[in-house]
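Engineer:
There are 2 protein chains.
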Amino acid sequence: MPNYTANTRDMQFVLHELLKISGQDVPGYADLEREFTEAVLDAAGKVASEVLAPLNAVGDTQGCKLENGAVRVPAGFDAAFAAMKEGGWTALDCNPEYGGQGMPYVINCAVGEMFVSANMAFNMYQGLTHGAVSAIEAHGTDAQKATYLPKMVACDWTGTMNLTEPHCGTDLGLLRTKAEPQADGSYKITGTKIFISAGDHDLAENIIHLVLAKAPGGGEGTKGISLFIVPKFLVNADGSLGARNAVSVGKVEHKMGIHGSATCVMNYDGATGYLLGDLHKGMRAMFTMMNEARLGVGLQGYAVAEAAYQAALAYAKDRLQGRAVTGVANPAGPADPLIVHPDIRRALMDQKSFLEGARAFTFWGATLIDRAHGLQDAEAEGLISLMTPVIKGFLTDKGFEACVQAQQVWGGHGYIEEQGMSQFVRDARITMIYEGANGVQALDLVGRKLAAEGGKPLMGFFEMVKAECKAHDGDERMKPFTDALKVASKQMQAAGMFFLQNAAKNPDAALSGSYDFMHLMGHVCLGLMWTRMAAAAHAALDGGASDRAFYEAKITTGRYYMARHLPACGLHLARIESGSEGVMGLSADQF
Amino acid sequence: MPNYTANTRDMQFVLHELLKISGQDVPGYADLEREFTEAVLDAAGKVASEVLAPLNAVGDTQGCKLENGAVRVPAGFDAAFAAMKEGGWTALDCNPEYGGQGMPYVINCAVGEMFVSANMAFNMYQGLTHGAVSAIEAHGTDAQKATYLPKMVACDWTGTMNLTEPHCGTDLGLLRTKAEPQADGSYKITGTKIFISAGDHDLAENIIHLVLAKAPGGGEGTKGISLFIVPKFLVNADGSLGARNAVSVGKVEHKMGIHGSATCVMNYDGATGYLLGDLHKGMRAMFTMMNEARLGVGLQGYAVAEAAYQAALAYAKDRLQGRAVTGVANPAGPADPLIVHPDIRRALMDQKSFLEGARAFTFWGATLIDRAHGLQDAEAEGLISLMTPVIKGFLTDKGFEACVQAQQVWGGHGYIEEQGMSQFVRDARITMIYEGANGVQALDLVGRKLAAEGGKPLMGFFEMVKAECKAHDGDERMKPFTDALKVASKQMQAAGMFFLQNAAKNPDAALSGSYDFMHLMGHVCLGLMWTRMAAAAHAALDGGASDRAFYEAKITTGRYYMARHLPACGLHLARIESGSEGVMGLSADQF
Numbered sequence: 001m002p003n004y005t006a007n008t009r010d011m012q013f014v015l016h017e018l019l020k021i022s023g024q025d026v027p028g029y030a031d032l033e034r035e036f037t038e039a040v041l042d043a044a045g046k047v048a049s050e051v052l053a054p055l056n057a058v059g060d061t062q063g064c065k066l067e068n069g070a071v072r073v074p075a076g077f078d079a080a081f082a083a084m085k086e087g088g089w090t091a092l093d094c095n096p097e098y099g100g101q102g103m104p105y106v107i108n109c110a111v112g113e114m115f116v117s118a119n120m121a122f123n124m125y126q127g128l129t130h131g132a133v134s135a136i137e138a139h140g141t142d143a144q145k146a147t148y149l150p151k152m153v154a155c156d157w158t159g160t161m162n163l164t165e166p167h168c169g170t171d172l173g174l175l176r177t178k179a180e181p182q183a184d185g186s187y188k189i190t191g192t193k194i195f196i197s198a199g200d201h202d203l204a205e206n207i208i209h210l211v212l213a214k215a216p217g218g219g220e221g222t223k224g225i226s227l228f229i230v231p232k233f234l235v236n237a238d239g240s241l242g243a244r245n246a247v248s249v250g251k252v253e254h255k256m257g258i259h260g261s262a263t264c265v266m267n268y269d270g271a272t273g274y275l276l277g278d279l280h281k282g283m284r285a286m287f288t289m290m291n292e293a294r295l296g297v298g299l300q301g302y303a304v305a306e307a308a309y310q311a312a313l314a315y316a317k318d319r320l321q322g323r324a325v326t327g328v329a330n331p332a333g334p335a336d337p338l339i340v341h342p343d344i345r346r347a348l349m350d351q352k353s354f355l356e357g358a359r360a361f362t363f364w365g366a367t368l369i370d371r372a373h374g375l376q377d378a379e380a381e382g383l384i385s386l387m388t389p390v391i392k393g394f395l396t397d398k399g400f401e402a403c404v405q406a407q408q409v410w411g412g413h414g415y416i417e418e419q420g421m422s423q424f425v426r427d428a429r430i431t432m433i434y435e436g437a438n439g440v441q442a443l444d445l446v447g448r449k450l451a452a453e454g455g456k457p458l459m460g461f462f463e464m465v466k467a468e469c470k471a472h473d474g475d476e477r478m479k480p481f482t483d484a485l486k487v488a489s490k491q492m493q494a495a496g497m498f499f500l501q502n503a504a505k506n507p508d509a510a511l512s513g514s515y516d517f518m519h520l521m522g523h524v525c526l527g528l529m530w531t532r533m534a535a536a537a538h539a540a541l542d543g544g545a546s547d548r549a550f551y552e553a554k555i556t557t558g559r560y561y562m563a564r565h566l567p568a569c570g571l572h573l574a575r576i577e578s579g580s581e582g583v584m585g586l587s588a589d590q591f
Numbered sequence: 001m002p003n004y005t006a007n008t009r010d011m012q013f014v015l016h017e018l019l020k021i022s023g024q025d026v027p028g029y030a031d032l033e034r035e036f037t038e039a040v041l042d043a044a045g046k047v048a049s050e051v052l053a054p055l056n057a058v059g060d061t062q063g064c065k066l067e068n069g070a071v072r073v074p075a076g077f078d079a080a081f082a083a084m085k086e087g088g089w090t091a092l093d094c095n096p097e098y099g100g101q102g103m104p105y106v107i108n109c110a111v112g113e114m115f116v117s118a119n120m121a122f123n124m125y126q127g128l129t130h131g132a133v134s135a136i137e138a139h140g141t142d143a144q145k146a147t148y149l150p151k152m153v154a155c156d157w158t159g160t161m162n163l164t165e166p167h168c169g170t171d172l173g174l175l176r177t178k179a180e181p182q183a184d185g186s187y188k189i190t191g192t193k194i195f196i197s198a199g200d201h202d203l204a205e206n207i208i209h210l211v212l213a214k215a216p217g218g219g220e221g222t223k224g225i226s227l228f229i230v231p232k233f234l235v236n237a238d239g240s241l242g243a244r245n246a247v248s249v250g251k252v253e254h255k256m257g258i259h260g261s262a263t264c265v266m267n268y269d270g271a272t273g274y275l276l277g278d279l280h281k282g283m284r285a286m287f288t289m290m291n292e293a294r295l296g297v298g299l300q301g302y303a304v305a306e307a308a309y310q311a312a313l314a315y316a317k318d319r320l321q322g323r324a325v326t327g328v329a330n331p332a333g334p335a336d337p338l339i340v341h342p343d344i345r346r347a348l349m350d351q352k353s354f355l356e357g358a359r360a361f362t363f364w365g366a367t368l369i370d371r372a373h374g375l376q377d378a379e380a381e382g383l384i385s386l387m388t389p390v391i392k393g394f395l396t397d398k399g400f401e402a403c404v405q406a407q408q409v410w411g412g413h414g415y416i417e418e419q420g421m422s423q424f425v426r427d428a429r430i431t432m433i434y435e436g437a438n439g440v441q442a443l444d445l446v447g448r449k450l451a452a453e454g455g456k457p458l459m460g461f462f463e464m465v466k467a468e469c470k471a472h473d474g475d476e477r478m479k480p481f482t483d484a485l486k487v488a489s490k491q492m493q494a495a496g497m498f499f500l501q502n503a504a505k506n507p508d509a510a511l512s513g514s515y516d517f518m519h520l521m522g523h524v525c526l527g528l529m530w531t532r533m534a535a536a537a538h539a540a541l542d543g544g545a546s547d548r549a550f551y552e553a554k555i556t557t558g559r560y561y562m563a564r565h566l567p568a569c570g571l572h573l574a575r576i577e578s579g580s581e582g583v584m585g586l587s588a589d590q591f
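Chains as they are written, first to last, in UniProt numbering: chain F, 1 to 591; chain U, 1 to 591.
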């Protein structure tokens, strides 16, 4: 079974040497001194390795069971959940007013990466609660906040998000769940919701469902949608639990992965619900949580891959097979370890260079969210809105690929369930699908985000790339980075120009290239991160840092990414520029 | 549950309009008139759809069970196996001398594609037997052939291949299974073999294991290895079954996919074995089957993807979600079918253009095997040896990707096991691993095949590509094909040149690019196939073919592949030319 050890060394590098968080003017950042974050990360890493990781395979093997209308989670999840609550890990960046620790979101991300790497399915119970807390905090009345938030921040009660119905997921305008207004101001909610993560379980006293439904008078499509709070148990005026609400579990889904996460069909049969936020403004209320939720899924994509990579690396160092082509490397053994073989190295370097870039990109995104929230920084808000579909779509696609590569390093043994490599692949697969399938992310990026605010965030990003390259002008050591980044950035601009020239007269031509653009931009973003990391590493070496091997590895890994992965931008541009002729050329019955 | 319908129309196109099989001078090909192959393919397609496909999910759900030392296959497999035997489908290209139907291998491939698409796991019982039959026919004594082949061709007895041991797979030089010579000329075989497909089951009266083991006196490493026949039940002189041999099942593996295929740990405890072929020449005996076995796995890679594609296409036409960006396409419904959306089209076209190219490539490869065997055609033998790692490695990588894309079209529903899309992904995954993991294929290609016969087959391939382009000189309609193919072929030559210039002084530099070269060459091969298919389609249209929609779709699909996928060759070349600096730049402890 794979072991997981949090890569706190690299996290510290990203937080302090790349992002220089404690020097930023964001509320709370001044407290994030190197020693403090190290203590937090070390403690979280210990929980991840010792409490969560050992339950990962258990969750996969046992899954969640529906018995007499109630869902039972895998053995050991309850004790681990209690330990998480006890340690305050479920409330790290929550508002202290409701019992949270009030840390910035970027710290929550770093810690979250560890928890997801160790046990993605387990982490969803608190993850969904976190989302519901944000929604209630942003849109709830004072009474609603007082009723729900202290219990939810403590994870005594957990939360869910109910969007999807059997016939509609992406196209929520089609949804049928109804909300009928009652005399007392509440609503009766009736309908069926599917794919509800943590829809039911035995980890908490109560479950607070946030449900999208149509109340009368809102008009057609998404315009008529409102958001409702529907507790599993109604809450009395004194905060104690009252009657069971008319919400029940129809089924626990049998999924490809994340078996430890209870994915439920939820039936609402005239359940009592309370309007959250404005009537008929439910979609807007959902969207305010979207950047954070989608960044969280992008994080899952690479965090699972981090765990898979650690297992692949351990195997590559341990398994003896064949001899190095350049001469025997392990004369004492019957064969050399796999890691001597160039093609195994290539697979490990692909993973490593992606993972470190993805971590930097995600943490950077988290600082943008902290800026947007903490400073009402409109520029940061525009930039993270632009980046969000890339973080979600690109990191989950590449994270899944990395898991497949890690499994491949294990050869036939990787295909055997008991070894744990298959679980990484199966778990990671969902990240490409939920919280908006990656095709929808690409559509959001090209159809909405590129032109948002008249293209200001996009132009800001190009300027940022340009400035980064300019900052290293004349530094020969940085040329492998800036040269590749300049080419890729130009290719991204050319792609944007293609969209601009074609979108109006033939929207299909732009959208036929949306997926490739998401990947092109993903590479440019990781290229930017690698350029900055390389500069930070050179600075550390120039400053006489003692840990030279770490910084030298950082530069080598970055050069690998620039040389081997940035050229993908040219391929994506070629595809984009081929337009819609091939994509839309067949009639449906010619397929 | 996905339905499967064999694409006989496309197979007929490949066999008769692309490969023009009945006009070739290969033994048996003259009988393969269009009407005859149509009858065979239609009958096989009916078996695939009606007998095998309905058992695909059953096999996945039930798996294989070890009970009291014997393996029980999923319900219904026995009746289906009997039906396959009854219909003669298990002996299609076997020698009539032993009860086979004597058809060329290319027909076996076409039929095999259908069976694999319908039920990959089920098809392995006969697939492994087929391999063992080939080995015994090639290397057995007359007495061995008489004893085993009639029963095995009929699939009354099935076969296995025993190579892998717990500590060695690729590096067979490490194997420990021992063969001790006995006074009567037999051997006592002792050791443990793992990952033995069809190692035990209840579909046949006897199982004939072919086992690699070390007999005394052969020297170190692979040189000491011999191949042995080890029957589950010893066979009496009169052909009846005798005593149970000392071979037993240690375990049935719990795998990520192909659950219906019994993957066993086999324990040989002084089991009686009979030398097959020459002593200490076991590796050579195994290698004679390798082209065919590896082509068969490449075929599995795209055949599973064909089934997944059909399911994705059906869903894309059926599922209503959102509206076409160019205007409402389905005014009578609440939304438009998914297939109107450019990004869904892109995914479907990626799959379709890969699948049709892969089919052409594989069938072409099968004709090379038929030429090599039937005509002792050394040129065909050289060419298929060169192509084999590409067929195996490239088609399984891309087949898996295609399955993932097909699953993605289904959105959240694709992640639910009952829908069947997950099974395609999980089943296809093994094809990248077994029969030589794809990294080993790439090593075989670059380390061995490129330079084989002084590079003659490689030069022959380049000449073939050149001739194909030249043949369409001046034909404007073919320019999108020949232009792209010329560029890609030059990139492949440049990669070959890089290897040539670096292999001697730095073998790591060549091997660091082996995987990319396998993919580069795969694209060139599919580009060649698409060029030829487009020419055949134009010829049909020029000749007034009635089925115009089919040929026009063929050309559009081919143009899609050339425009969207051939440019990947440039990316692969860039990676190859980046050499080993990044790949080998870290010390093992810097990872």
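Ideal placement from N, C-alpha and C gives every residue a C-beta, glycine not left out.
Remember, predicted model here, so these are calculated numbers, not experimental data.
1. Give me the residue from F:Gly45, F:Lys65 and F:Asp60 with the minimum Cα distance to F:Gly87.
2. For U:Phe517 versus U:Val446, is the C-beta distance shorter than 8 Å?
3. Please confirm if F:Ile136 has its CB atom under 8 Å from at least one CB of chain U.
4. On the criterion of 16 or more Cβ atoms from any shown chain inside 10 Å, does U:Val26 qualify as buried, or is it exposed?
5. Would you say F:Tyr415 faces chain U, with C-beta separation under 8 Å as the test?
6. For U:Arg548, is the classification buried or exposed, using 16 other Cβ atoms within 10 angstroms of its Cβ as the cut-off for buried?
7. Can you find a C-beta in chain U that's less than 8 Å from the C-beta of F:Arg429?
8. Enumerate in chain order the residues of its own chain whose CB-to-CB distance from F:Ala30 is below 7 Å, with the five nearest sequence positions on each side excluded.
9. If you pair each beta-carbon of the segment 546-564 of chain U with each one of the segment 577-585 of chain F, do three or more pairs fall below 8 Å?
10. Give me the chain F residues within the contact set of U:Lys317, using Cβ-Cβ distance strictly less than 7 Å, ordered along the chain.
11. Using a Cβ distance threshold of 8 Å, determine whether the segment 114-129 of chain U contacts the segment 46-62 of chain U, with at least three qualifying pairs required.
12. Look at the Cβ atom of F:Ile194, then the Cβ atom of F:Val265, and state whether they are nearer than 8 Å.
13. Strictly under 8 Å for the Cβ-Cβ distance: is U:Cys64 near chain F by that measure?
14. Counting pairs of beta carbons, one from the segment 456-464 of chain F and one from the segment 308-322 of chain F, are three or more of them closer than 8 Å?
15. Of all the alpha helix (DSSP H) runs that stay within the bounds of the segment 72-156 of chain F, which reach a length of 4 or more residues?
16. For F:Gly69, count neighbouring C-beta atoms within 10 Å of its own C-beta (all shown protein chains included) and say buried if the count is 16 or more, exposed if not.
17. So with Cβ pairs under 8 Å, would you call U:Arg564 a contact of chain F?
18. Is there a Cβ of chain F sitting closer than 8 Å to that of U:Val304, yes or no?
19. By the criterion of Cβ-Cβ separation under 8 Å, what are the contact partners of F:Phe195 in chain U?
20. According to the neighbour-count rule (16 or more other Cβ atoms, all chains shown, within 10 Å of its Cβ), is F:Asn3 buried or exposed?
21. Quick one: measure Cβ to Cβ for U:Leu163 and U:Leu128, integer angstroms, because I've assumed they're closer than 8 Å.
22. Measure how close the beta-carbons of F:Leu368 and F:Gln491 come, nearest whole angstrom, since I'm counting them as under 8 Å.
23. Where does the unbroken beta strand (DSSP E) through F:Val328 begin, and where does it stop?
24. By how many angstroms is the C-alpha of F:Lys20 removed from the C-alpha of F:Glu379?
25. Taking all protein chains shown into account, do 16 or more other C-beta atoms lie within 10 angstroms of the C-beta of U:Lys466, making it buried, or fewer, making it exposed?
Structural biologist: Checking against the coordinates, here is how it stands:
1. Position 87 of the first sequence holds residue 87 of chain F. Considering only alpha carbons, the answer is F:Gly45.
2. Taking the second sequence and counting its residues from 1, the one referred to as residue 517 of chain U is at position 517. Taking the second sequence and counting its residues from 1, the one referred to as residue 446 of chain U is at position 446. A Cβ-Cβ contact shorter than 8 Å links U:Phe517 with U:Val446.
3. If you number the first sequence from 1, residue 136 of chain F lands on position 136. So, not an interface residue.
4. Taking the first residue of the second sequence as 1, we reach residue 26 of chain U at position 26. With a 10 Å radius around the Cβ and a threshold of 16 neighbouring Cβ atoms, U:Val26 comes out buried.
5. Here residue 415 of chain F refers to the residue found at position 415 when the first sequence is read from its first residue. So yes, F:Tyr415 belongs to the interface.
6. For the purposes of this step, residue 548 of chain U is taken as the residue at position 548 of the second sequence. U:Arg548 comes out exposed.
7. Your numbering for residue 429 of chain F matches position 429 in the first sequence. For F:Arg429, the answer is yes, since a Cβ of chain U falls inside 8 Å of its Cβ.
8. On the first sequence, position 30 is the one that residue 30 of chain F refers to. Contacts found: Ser22.
9. With contact defined as three or more Cβ pairs closer than 8 Å, the segment 546-564 of chain U and the segment 577-585 of chain F are in contact.
10. Residue 317 of chain U sits at position 317 when you count from the first residue of the second sequence. Here the neighbours are Ala588.
11. Taking a contact to require three or more Cβ pairs closer than 8 Å, the segment 114-129 of chain U and the segment 46-62 of chain U qualify as touching.
12. Within the first sequence, residue 194 of chain F is the residue found at index 194, counting from 1. Within the first sequence, residue 265 of chain F is the residue found at index 265, counting from 1. Contact flag set, yes.
13. Here residue 64 of chain U refers to the residue found at position 64 of the second sequence. Closer than 8 Å: no.
14. The segment 456-464 of chain F vs the segment 308-322 of chain F: no contact.
15. Segments of the alpha helix (DSSP H) lying fully in the segment 72-156 of chain F: 77-86, 105-139 and 142-153.
16. Within the first sequence, numbered from 1, the residue matching residue 69 of chain F stands at position 69. Under this definition F:Gly69 is an exposed residue.
17. Taking the first residue of the second sequence as 1, we reach residue 564 of chain U at position 564. Yes, because at least one Cβ of chain F sits closer than 8 Å to the Cβ of U:Arg564.
18. In the second sequence, counting from the first residue as 1, residue 304 of chain U sits at position 304. Chain F, which has no Cβ nearer than 8 Å to the Cβ of U:Val304, makes this no.
19. As a working note, residue 195 of chain F is residue 195 in the first sequence. Taking the beta carbon of F:Phe195 as reference, the chain U residues within 8 Å of it are Gly412, listed in sequence order.
20. Locating residue 3 of chain F in the first sequence gives position 3, where the first residue counts as 1. Result: exposed.
21. Your numbering for residue 163 of chain U matches position 163 in the second sequence. Your numbering for residue 128 of chain U matches position 128 in the second sequence. U:Leu163 to U:Leu128, Cβ: 12 Å. No contact.
22. As a working note, residue 368 of chain F is residue 368 in the first sequence. As a working note, residue 491 of chain F is residue 491 in the first sequence. Actually they do not touch by this definition, with Cβ atoms about 24 Å apart.
23. As a working mapping, residue 328 of chain F is identified with position 328 in the first sequence. First-last for F:Val328: undefined, no H or E at that position.
24. Taking the first sequence and counting its residues from 1, the one referred to as residue 379 of chain F is at position 379. Taking the first sequence and counting its residues from 1, the one referred to as residue 20 of chain F is at position 20. Taking C-alpha positions only, F:Glu379 is separated from F:Lys20 by approximately 19 Å.
25. Here residue 466 of chain U refers to the residue found at position 466 of the second sequence. Residue environment: U:Lys466 is assigned as exposed (fewer than 16 neighbouring CB atoms within 10 Å of its CB, all protein chains considered).
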